[in-house]
Amino acid sequence: MADISISLPDGSQRTLPEGATATDLAASIGPRLAKAAVAARVDGVERDLCAPLPAGATVAVITADSEDGRHVLRHSTSHVMAQAVTRLFPGAKYSIGPAITDGFYYDFELPGGRTFSEADLADIEAEMRRIIAEDQPFVRFEMTPQEALARFADQPYKCDIIQRVTAGAGDADESSEIRGDTISAYRNTDEFVDMCVGPHVPSTGRLGHFKLMKVAGAYWRGNEKGPMLQRIYGTAWDSKQALSDHLHRLEEAEKRDHRKLATELDLLSFPHELGGGLAVWHPKGAIVRKLMEDYSRDRHENGGYQFVYTPHLANGRLFETSGHLAWYKDGMYPPMEMDNGTYYMKPMNCPMHCLIFRSRQRSYRELPLRLFELGNVYRYERAGTLHGLLRIRGFTQDDSHIYCTEEQLQDEIGSLLDFVLSVLRAFGFRDFEFKLSTKDPDKYVGSDEIWERATDALRIALERHGLAYSVKDGDAAFYGPKIDIDVRDAIGRSWQLSTIQADFQLPDRFDLEYVGADNARHRPIMLHRALFGSIERFFGVLLEHYAGAFPTWLAPVQVRVLPVAEAHQAYAAAVVARLAAEGFRVDQVDATDGLGKRIRSAKLDKLPYVLVVGDDDVAAETAGVNPRGGEVQRGVTVDAFVTRLADEVSGQLAAATTA
635 MADISISLPD GSQRTLPEGA TATDLAASIG PRLAKAAVAA RVDGVERDLC APLPAGATVA
695 VITADSEDGR HVLRHSTSHV MAQAVTRLFP GAKYSIGPAI TDGFYYDFEL PGGRTFSEAD
755 LADIEAEMRR IIAEDQPFVR FEMTPQEALA RFADQPYKCD IIQRVTAGAG DADESSEIRG
815 DTISAYRNTD EFVDMCVGPH VPSTGRLGHF KLMKVAGAYW RGNEKGPMLQ RIYGTAWDSK
875 QALSDHLHRL EEAEKRDHRK LATELDLLSF PHELGGGLAV WHPKGAIVRK LMEDYSRDRH
935 ENGGYQFVYT PHLANGRLFE TSGHLAWYKD GMYPPMEMDN GTYYMKPMNC PMHCLIFRSR
995 QRSYRELPLR LFELGNVYRY ERAGTLHGLL RIRGFTQDDS HIYCTEEQLQ DEIGSLLDFV
1055 LSVLRAFGFR DFEFKLSTKD PDKYVGSDEI WERATDALRI ALERHGLAYS VKDGDAAFYG
1115 PKIDIDVRDA IGRSWQLSTI QADFQLPDRF DLEYVGADNA RHRPIMLHRA LFGSIERFFG
1175 VLLEHYAGAF PTWLAPVQVR VLPVAEAHQA YAAAVVARLA AEGFRVDQVD ATDGLGKRIR
1235 SAKLDKLPYV LVVGDDDVAA ETAGVNPRGG EVQRGVTVDA FVTRLADEVS GQLAAATTA
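Going by my numbering, 1164 is the number at position 530 of the sequence shown; the sequence numbering is gapless.
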C-alpha cells in the first residue's frame, strides 16, 4: 500500500498509509490530540474523523475545546436529543435541529397535539444519557431524493425539505445536505436517521456535557400561517467545568436582564397598548438617555460633524432610488397610500442625507463632509424576534454619513476607528472584536471591482491600526462592505454595537457629485457610521453591563439624602438644595419609614451615594456617606462631599472625553 503526504496548518508534512483518516493523523501527532479530536478540516472543508484523507491535502484537526469543535459537539447532541424524543414519543415528527451560539435546538410535532412539559425534559435528558452510554457510531451515508422520500415517508417536514430543495425553492441552510441527486445523511443505528452534511463526533460516547434548557413555540419555516412546532433548546460543552461556567453565566445574565432591571429601577416600560417592540421612557431612564445623547452631540460637534434633521417618512420614490424597496422591503413597514403618492416610514437615514448633499453644488474643499443626526427609524421586526430594547421596531440611530474623495478614504476610516473605540471606552467597554463583512454574492449592487476597492479600504484601515479581525463572508449590506465592532460585557457576552460601512453605490444611485481641483465633476465616496448603533439597544446593553449600577456621571440619581427622623428633614432638604445647586442629581426620602428600610430601598435603586443625616450632622453640617460598594464614613462635611463628588464626576467625564 502506497503512502500519502499530508500538510499540517503550520506547513509541516506527515506521511501516512493510503486510506489513513484524520483519526490516524491525530494519533500520529500525539495521544492528547487524538483524545481531544472531534472532526477535521480537510482543504478548508469540515469532515468526519473517519473519512479517508486524500493525498496532498492540508488537514487541521478540530478539537472539542475550540469553537468549531463545540459546534460539532452541539450538532451531534441535537441528533441524540431527536433520537431520544422519537424513542419516548412514538410517532413524533422532527424537522430541523442545528447547532447555534452556545447550544442547539430541534423542532418537533408530537402526536395528538401533545406538548412537552418540564418533566418531559428530564425524561429526554435521561434517555439521551442512555443513548450516549450505548456509544452508537455516527455513520454517514448518501441517498437519492427518491430514496430519501421513501426513508422519510412518515416525516412530513423532512419530505417538505427534500421536495422544496429538489424543486429549487429551498433555503441555503436546507440545501447544504442536498447536492443534485445526492442527499447526505447520518444514522445512529437504523433507529434514527437524519439528513445532515456533518461532520459529527465519531460516536455518541464522545458526548455528555449537556443540559436541556427550555421549550418554545416555533412556526415551521417561520411562517405564522404554518404549523406551530415545539422547539427544545439545549446547550452542550466540551467539559463539565465549561458547562458549569456557562450555566453560571446564564444565571448572572438573568439577573442582569435589562427588561427586568428597567422595571425595578423605573427606567422605561413596554405598555401593551403601544404594540410590540415600542417603549416609553420614564423620567429616570430619560435622564440617562439624555446624558448619552448629550455626550454624543458634544463629541460630534468637537469632531467636525455638521448636525442635520430629516423627517420620519418619505415618498416611496426615495427608497426606490436608494434600493431599499428592492432589497429591504420585508424589513420596512407597509406603505401608506396618500393623495400625492405612496409613503413609507424610513428604515434608514442615509437616503435623506444624500438629498442634503445633493441640495447644491459641492466643492472638493468641503470634503470630507460629515453629516450627523440622532435620527428615528422604523423597521418591522417579526413578533417572535422582539426582545426588549435589543430588538425593537422604532429606534434612534446616532447616524453619520461622511462624503469624501477616494484619496481621503483611508484617513477617514482610520479616524472613525479611533472615534468608535474612544466612545465605547468612555462607557466602560474595553474588550473589542472586529469583523469585516464581505459581499453577499446573491444580494448586492455595483461592480465586483468597486466592491473590491471598498473592501480593501476597510481591510487596510484595520491592518494599519494593528487590529486583529475576522472575515464574515457574504454578510455585507447590499450597497457595500462593513466593519462591525463587537464588545464584551462584564460577564463575557459579546454584543455587536458599532459599524462602519464603505459605500460606492448610493452616491452613484443619487448622482452625487463634487467639483474637483481640476474643475471636473467627480463622484464622492460615502461612509455610513453608527457608534452606539442605536440609542435604545446601546442603553439595554449598558444596563446589563453595569447590572443597573451606572457610573456616577451617568446615574439618573447620584445622591439620595435620608434624614434619620422627622426632626432632621429640614437639614436634609438644605443638603439636597446645596447639592442640586452644584449641578448634581439628588433626591430626598423623608422619615415616613424606618431608616433601615429606606437604606435598603436606596441600595436596591443602585444609587452611587446615600447620605444619612442625624442630630450630630445637623450641628456640625456633616453627613454619613454610604458609597455604593464601599465603607460607610461618618461625619463628612458637606463641603468635603461636594468636592469629592465633583472630582469623581469630572474625572469620569474627563476619562470619557479622552478615552
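For each residue, glycine too, the CB sits at the ideal point set by N, CA and C. Quick caveat, the model's predicted, so the values are computed rather than measured.
Inter-residue spacing [alpha-carbon to alpha-carbon] between residue 1272 and residue 1252:
11 angstroms
So, do the region 762-773 and the region 821-832 have three or more beta carbon pairs nearer to each other than 8 angstroms?
yes
Would you mind listing the beta strand (DSSP E) stretches within the region 664-701 that are 3+ residues and don't spill past its ends, in chain order?
671-676, 679-681, 693-697
Residue nearest to residue 752 in terms of C-alpha spacing, selected from 1123, 741, 866:
866
Tell me whether residue 724 is buried or exposed, calling it buried when 16 or more other Cβ atoms sit within 10 Å of its Cβ.
exposed
Between the CA atoms of residue 1112 and residue 1275 - distance to the nearest angstrom
55 angstroms
When the distance is taken between beta carbons, is residue 1006 closer than 7 angstroms to residue 1034?
yes
Using a Cβ-Cβ cut-off of 8 angstroms (strictly less than) and excluding sequence neighbours within five positions of residue 649, which residues of its own chain qualify?
637, 638, 639, 640
Reduced DSSP category for residue 904 - H, G, I as helix; E, B as strand; rest coil:
coil
Rounded to a whole number of angstroms, what is the C-alpha to C-alpha distance between residue 1139 and residue 984?
12 angstroms
Contact set for residue 807: own chain, Cβ-Cβ below 6 angstroms, skip 5 residues either direction:
Per-residue confidence for residue 807 stands at a pLDDT of 49, beneath the threshold of 50, marking its modelled position as unreliable; the derived number appears in the next sentence. Once the five neighbours on either side are set aside, residue 807 has no close Cβ partner at all.
In the DSSP assignment, what are the bridge partners of residue 1247?
1197
Contact check, residue 1128 vs residue 1120 under 8 angstroms by CB: the rounded distance?
5 angstroms
Are residue 718 and residue 762 touching if we call contact CB-CB under 7 angstroms?
yes
Who are the Cβ neighbours of residue 902 in its own chain at under 7 angstroms, not counting the five residues just before and after it?
896, 913, 914, 915, 916, 919
Round the Cβ separation of residue 1115 and residue 1136 to the nearest angstrom and send it over; I've been treating them as touching at under 8 angstroms.
6 angstroms
Give the DSSP-derived three-state secondary structure of residue 830 in the structure shown.
coil
Residue 935 versus residue 1163: straight-line alpha-carbon distance, rounded
16 angstroms
State the Cα-Cα distance for the pair residue 712 and residue 705, rounded to the nearest angstrom.
11 angstroms
Entirely enclosed alpha helix (DSSP H) segments - the region 881-945, minimum 4 residues:
892-898, 917-936
Return the Cβ separation of residue 787 and residue 796 in integer angstroms, given the expectation that the two are a contact with Cβ distance under 8 angstroms.
Not confirmed; about 11 angstroms, so no contact.
From which residue to which residue does the beta strand (DSSP E) around residue 1131 run?
1128-1137
Residue 1055 to residue 1038, Cα distance in whole Å?
21 angstroms
Would residue 703 be called buried (16 or more neighbouring beta carbons within 10 Å of its own) or exposed?
buried
Would you mind stating whether residue 686 and residue 655 have Cβ atoms separated by less than 7 angstroms?
yes
Quick check on this structure: which residue in 1022, 1166, 975 has the alpha carbon closest to the alpha carbon of residue 1060?
1166
For residue 792, which residues in the same chain have their Cβ closer than 6 angstroms to its Cβ, ignoring the five residues on either side in sequence?
786
Relative to the alpha-carbon of residue 869, which residue among 1245, 715, 1233, 1173 has its alpha-carbon at the smallest distance?
715
So what does residue 997 bridge to, in DSSP terms?
1149
Test item: CB-CB of residue 1217 and residue 1023 under 7 angstroms:
no
Taking the alpha-carbon of residue 615 as reference, which of 775, 644, 1031 has the nearest alpha-carbon?
Beyond the ends of the chain as shown, which are 635 and 1293, falls residue 615; an answer cannot be given.
Do we get a CB-CB distance below 7 angstroms when we pair residue 1181 with the residues of chain D?
Of the protein chains in this structure there is only one, and it is not chain D.
DSSP state of residue 807 mapped onto helix, strand, coil
Confidence at residue 807 is low in this model, with a pLDDT of 49, below 50, so the placement of that residue should be treated as unreliable; the coordinate-derived value is given next. Residue 807: helix per DSSP, three-state reduction.
Evaluate residue 1078 with the Cβ neighbour count: other Cβ atoms within 10 Å of its Cβ, from every protein chain shown; 16 or more gives buried, anything less gives exposed.
buried
Between which residues of its own chain and residue 883 is the CB-CB distance below 8 angstroms, once the five residues before and five after are set aside?
1125, 1126, 1127
Helix, strand or coil: which one does DSSP assign to residue 843?
coil
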